[in-house]
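Trainee: Quick note on numbering: the sequence shown equals residues 984 to 1914 in my numbering. C-beta: ideal position from N, C-alpha, C; glycine also. Keep in mind it's a predicted model, so treat the numbers as computed, not measured. Submitted below is the structure of interest, expressed as structure tokens.
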Amino acid sequence: MRLSVSALAGLLSLGAELGLADPTWPAATDEMEEIVYQLQGVKGRLFNDVITPCNNEAAGPGRVTASEWLRVGFHDMATANRYFGTGGIDASLQFELNSGENTGPGHNTTLIFYSNYYSARSSMADLIAAGVYASVRSCGGPIIPLRLGRVDATFAGSTGVPQPQNSVVTFQQQFDRMGFNTTEMIQVTACGHTIGGVHSTEFPEIVPVGTGVNGQIGLDTSDAVFDNKVVTEYNDGTTANPLVVGPSISVGRNSDTKVFNADGNVTMKALASVEAFTSICQTVLQKMIEVVPTGVTLTSPITPYMVKPVGMQLTLNPGGSTLLLTGYIRVLTTNLPTSSITNLVLTWKDRTGGNNCGSSGSCSTTATLQGVGRGFDDTFGFFPISTIIYASAGISSFTVTINLSDGTSQFYDNNGNSYPLTDAIILQKPQSCLLQTTGALTASALVRNDVTLTPVNLGVSYLVPRGVTRSGNPVPILSSATIAMTKGDCVGAYTFYTANYTITGGRSYNAKLSVTAGSGTSAVTDDFNNASDLAGTCIPFSGGGTCDGGNGTTSSSSSISSTTTVTSSSSTITSSTISSTITTGTITTSTTPTPTPTTPAIKPTVGNYTFIACWTEGTTSRALTGAAFAYDGMTLESCMANCTGFDYWGTEYGRECYCGNALAATSAQAPDTAECNFACSGDASEFCGAGNRIELYSTTATRTTATSSSTAAPTATLAVKSKVGGYVFVGCWTEPGSGGRALSGGGYVGDNVTLEGCAGVCGGGGFGYFGAEFGRECYCGNSLAAGSVSAPLSDCSMTCAGDSYEYCGGSSRLELYSLTGTVANPSQPANITAPSSTAGGDDVVWQFYNCMTEVSVGRALGGQHYADGNMTLESCGAFCEGSAYFGAEYGRECYCGDGFTEGSVVAPGGVAECDLVCAGNGGEYCGAGGG
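What follows is the structure, given as structure tokens:
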């Protein structure tokens, strides 16, 4: 596997200047194109709001928001490994905020802002890349060509974000892993450090508390302008860059000095001209955002459309005989002033591709400029469309003609394809509604009567905040649901279909809606509609005419009223009355046996969990706050699997699953078990709670305490956990009396600390130990510092901030866990014996050589290699049988070779620098980052 790093040579500017053709509309990149370019004015997406102007400190005094966006791009990319094809811009940063390598609030606030734009058509990874483009451009930097198609990671990447205390050799090895040589390392660092500064909150040893402005010292004297002063001030010796001068020198954290001087300042001198700096930054920052995992293919660089339909929508008018077409045609006016445009003409084809436009006789409508929009470099004119189309004729596509004031015109036909628009299925917005306070949705669709495709479904894509999570991840979960729609009235050439759904998570305004008839390649759909466009109340459809059955015949209709009630966890909504249609004529009936309905029942046990009761939600919070899931196909068994490791789990509303180790104080047993009466969406034989009611299960039926009633109420028990993940409890341990930390490999502090969360962070970093302290601190390491000794268990009496039923150490006391179950520090054995890969062959004995550095280009050992989450020295030795050397690195990587590549030397700190424990054996060391 190899990392994909794509780059374009030369400078790119606007698409119009390059003569690039528009994409064929609609394109997969349309949503991101609007987010990136359609910023302000009419239909503005406001993506640049918090970074314009460049000195905007939206995240707080002293914090240049644009610089934080640029840093997020680098930190997300920096765990890339080109040798294994992993990492890069993949949004794994959301899972790495507590790793100790990504300090400060800027990553969190940036990801929160991006999540407002997160959807099925705009991945978080693409938004992070777009943030680099936007931050650089907002501050006056070059246009970074933006390619799309990145795929979001679902878990944290490896550790390895460069830290100020690293040596220049380590920096070179880390950047080589990312795919950057020494020259590019210097360039990307200089380009990234032209805006923003260093904060005392995160780096008090570099910027002492009380210094700087609002606790920040800029990296150059123009920290809110993308220019090359970070270079020129360094070159002429006038820099105040805290990563070059000041306290950082004495503590070995003058990282910019180490990087900039890595080639004797040759590259820094070459960046001294403004032109060279701008051009090089454009190239190297594009390369940075195009570091992606193997298997991800990026699009060509996007540019604004010259002509783009925006928000085009069909609506059936009252009476059912005509359709209303509304929306905008957006015209790029960067090089075509609006004053030169007289009007715009949209001409459509009927649904058969002909020119039958009903009694109007015209298949065109004329629009004039209504307003303008703008981006960083472009302007747009918006021409509103509002025209009647006869339902009997319909529409299949359209073209656009721009008439200019000089008498000429420009014709646009979507690259010869015309702009497609189906009238086969329509989301009928006036008869649809969304109550945003509860997420209760009623959706109405119209399906043309001659369309016989089934089923007809409503699709909902929505964001669910993670709430109280172990990882502190601020990015919501992108969820989706498919709901079968119920057939209703026939009105003229169309038939109504309706569905009700409750959008959970409190962000229904972000939801996207689609209605689809059929499946596969033959399906027709009206998709990616904004739920926020819907009103809070559905308007009844009025004036229904005779039903056209789709074959030129009509039928009379009578109404049979039915009312649908939708119950959500916080409200009950009754839909409008929908009428069904009876067609007169010859009717052939047949008898089909009616299946016996499945009656749901309570399951006393599911796996190792026991049913407790029907339980209420809390009055101010969820009853269970450890984790949450929602999907169609919910069963008790799948919820149990989701909640592995938790003491409690429960299902609610037929399709929701919640986990936790304790119940909210304000939740209680429901008055009657029968109140949990919703069948599970994935198994009609099981109950899955109800609105505001949880079908509650516990790990053990004895985990109860007596109450004043005869019913036992479940409560969690505060106790020492003997095992957390792969770690085993080894006691309460002290911090060293001489200062420092018992575990110094990393960690985090927060009000959501749990043992499970701490174990996840430390385990992800390849550490052999983790410990929780003072209720809200987590520390990782591969060995205990001298002076840390065992303490009485009673000293570790503070509960975890994120789970009051777990202990998290005490004051200067660690709740200590070890992968091996002992406190024997890992060692570097003098010899290891690896089994032969040849049947009947003798075991191979390997002798320890030394801790060696990686090289700036390539690998110290250039033979075969692999990575494994269960890496041991023995397994690596067996893999490298036949080679003269093998080496383990990063705790989980194995390399083989017959000699060392030139430049690989004994690590300056000797064996002590190879201090990462093996992922598969906590008693052995398997190298470190870059060695």
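#1: Assuming G1758 contacts A1784 (C-beta within less than 8 Å), just tell me the rounded distance between them.
#2: Should V1196 go down as buried or exposed, given a rule of 16 or more other Cβ atoms within 10 Å for buried?
#3: May I ask you to verify whether the stretch 1225–1241 touches the stretch 1137–1154, counting CB pairs closer than 8 Å and requiring at least 3?
#4: Roughly how many angstroms separate the alpha carbons of G1751 and G1501, rounded to a whole number?
#5: Please state whether DSSP places S1238 in a helix, a strand or coil.
#6: Measuring CB atoms only, is the stretch 1075–1085 touching the stretch 1114–1128, in the sense that at least three cross pairs come out at less than 8 Å?
#7: Tell me the residue span of the alpha helix (DSSP H) that contains V1249.
#8: Suppose the cutoff is 6 Å on Cβ atoms and the five residues either side in sequence are ignored; what does the same chain contact list for F1511 look like?
#9: Is L1856 closer than 8 Å to C1791 when the C-beta atoms are compared?
#10: Going by CA-CA distance only, name the one from F1030, R1676, N1814 and S1323 that's closest to G1601.
#11: According to DSSP, what are the bridge partners of Q1312?
#12: Please report the distance separating the alpha-carbon of I1178 from that of E1620.
#13: Are at least three pairs of beta-carbons, each pair with one atom in the stretch 1287–1305 and one in the stretch 1469–1489, less than 8 Å apart?
#14: On the CB-based measure, 16 or more other CB atoms within 10 Å of its CB, does S989 come out buried or exposed?
#15: Taking only the alpha-carbon atoms, compute the straight-line gap between D1032 and G1124 and give it to the nearest angstrom.
#16: Look up K1412 in the DSSP assignment and give the residues it is bridged to.
#17: Under a three-way DSSP split, which group does V1900 fall into?
#18: Taking contact to mean at least 3 C-beta pairs separated by less than 8 Å, is the stretch 1354–1362 in contact with the stretch 1421–1438?
#19: Which residue wins for smallest C-alpha separation from S1075, given the options V1144, L1327 and T1816?
#20: Does the Cβ of A1518 have 16 or more other Cβ atoms within 10 Å, making it buried, or fewer, making it exposed?
#21: Could you check what DSSP says for M1835 in three-state terms: helix, strand or coil?
#22: If I'm right that A1063 touches G1162 with Cβ under 8 Å, what's the distance once you round it to whole angstroms?
#23: In whole angstroms, give me the CA-to-CA distance for E1639 and T1286.
#24: When we look at the beta-carbon of Y1402 and count the other beta-carbons within 10 Å, is it buried (16 or more) or exposed?
#25: Based on Cα-Cα distance, which residue from E1017, V1025 and S1515 lies nearest to R1104?
#26: Measuring CB to CB, does C1530 end up less than 8 Å from Q1414?
#27: So W1008 is in the alpha helix (DSSP H); what residue range does that whole segment cover?
#28: Quick check: A1049 and S1098, are their CB atoms within less than 8 Å of each other?
#29: Could you give the DSSP three-state label for G1910: helix, strand or coil?
#30: Have a look at T1321 and E1739 and give me their C-alpha separation to the nearest angstrom.
#31: Just to confirm, are R1133 and I1095 a CB contact at a threshold of 8 Å?
#32: Look up N1091 in the DSSP assignment and say whether it is helix, strand or coil.
#33: Please say whether L1429 and L1299 have beta carbons closer to each other than 8 Å?
#34: Quick check on the DSSP output: what are the complete alpha helix (DSSP H) runs of length 4 or more inside the stretch 1063–1135, in order along the chain?
#35: Do you know whose CA, among N1493, T1349, V1439 and G1754, lies nearest G1503's CA?
#36: Given that a residue counts as buried once 16 or more other Cβ atoms are within 10 Å of its Cβ, and exposed if not, what is K1706?
Mentor: Per the coordinate set shown:
#1: Confirmed, Cβ separation roughly 5 Å.
#2: Taking every protein chain shown into account, the CB of V1196 has fewer than 16 other CB atoms within 10 angstroms, so this residue is exposed.
#3: Taking a cut-off of 8 Å on C-beta distances, the stretch 1225–1241 touches the stretch 1137–1154, as three or more cross pairs fall below it.
#4: Those two C-alpha atoms are separated by around 53 Å.
#5: Shown here, S1238 sits in a helix according to DSSP, grouped into three states.
#6: Taking 8 Å as the limit for Cβ pairs, the verdict is that the stretch 1114–1128 does not touch the stretch 1075–1085.
#7: V1249 to A1253 is the span of the alpha helix (DSSP H), which, as asked, contains V1249.
#8: Excluding positions up to five away in sequence, the list reads K1495.
#9: Their beta carbons are not under 8 Å apart, which means C1791 does not touch L1856 by this criterion.
#10: If we check each option's Cα against that of G1601, R1676 comes out closest.
#11: Before going further, note that residue 1312 is Ile rather than Gln in the sequence given. Note: I1312 sits in a beta bridge opposite P1292 and F1366.
#12: Roughly 52 Å between the two C-alpha positions.
#13: Touching, yes, given that three or more Cβ pairs across the two stretches are closer than 8 Å.
#14: Residue placement at S989 is flagged as unreliable, the pLDDT there being 30, under the threshold of 50; a coordinate-derived value is accordingly withheld.
#15: Each residue's alpha carbon lies about 17 Å from the other.
#16: BP columns for K1412 are empty, so no partner.
#17: In the structure shown, V1900 adopts extended strand secondary structure according to DSSP, grouped into three states.
#18: With contact defined as three or more Cβ pairs closer than 8 Å, the stretch 1354–1362 and the stretch 1421–1438 are not in contact.
#19: Answer by Cα proximity: V1144.
#20: Classification for A1518: exposed.
#21: Here M1835 sits in strand by DSSP.
#22: Right, their Cβ atoms sit about 7 Å apart.
#23: Those two C-alpha atoms are separated by around 41 Å.
#24: Counting Cβ neighbours within 10 Å, Y1402 comes out buried, since at least 16 surround it.
#25: Among E1017, V1025 and S1515, the Cα nearest to that of R1104 belongs to E1017.
#26: At a Cβ-Cβ threshold of 8 Å, C1530 and Q1414 do not count as neighbours.
#27: W1008: not part of any alpha helix (DSSP H); DSSP gives it neither H nor E.
#28: No, they are not a contact pair.
#29: In the structure shown, G1910 sits in coil (DSSP, three-state: anything other than H, G, I, E or B).
#30: So the two alpha carbons sit approximately 59 Å from each other.
#31: Cβ distance not < 8 Å, so R1133 and I1095 don't count as in contact.
#32: Looking at N1091 - three-state DSSP - the assignment turns out to be helix.
#33: Yes, the pair counts as a contact, with Cβ atoms nearer than the cut-off.
#34: Qualifying alpha helix (DSSP H) stretches, in chain order: 1089–1098 and 1107–1121.
#35: The residue with the shortest Cα to Cα distance from G1503 is V1439.
#36: The residue in question, K1706, is exposed, as its Cβ has fewer than 16 Cβ neighbours within 10 Å.
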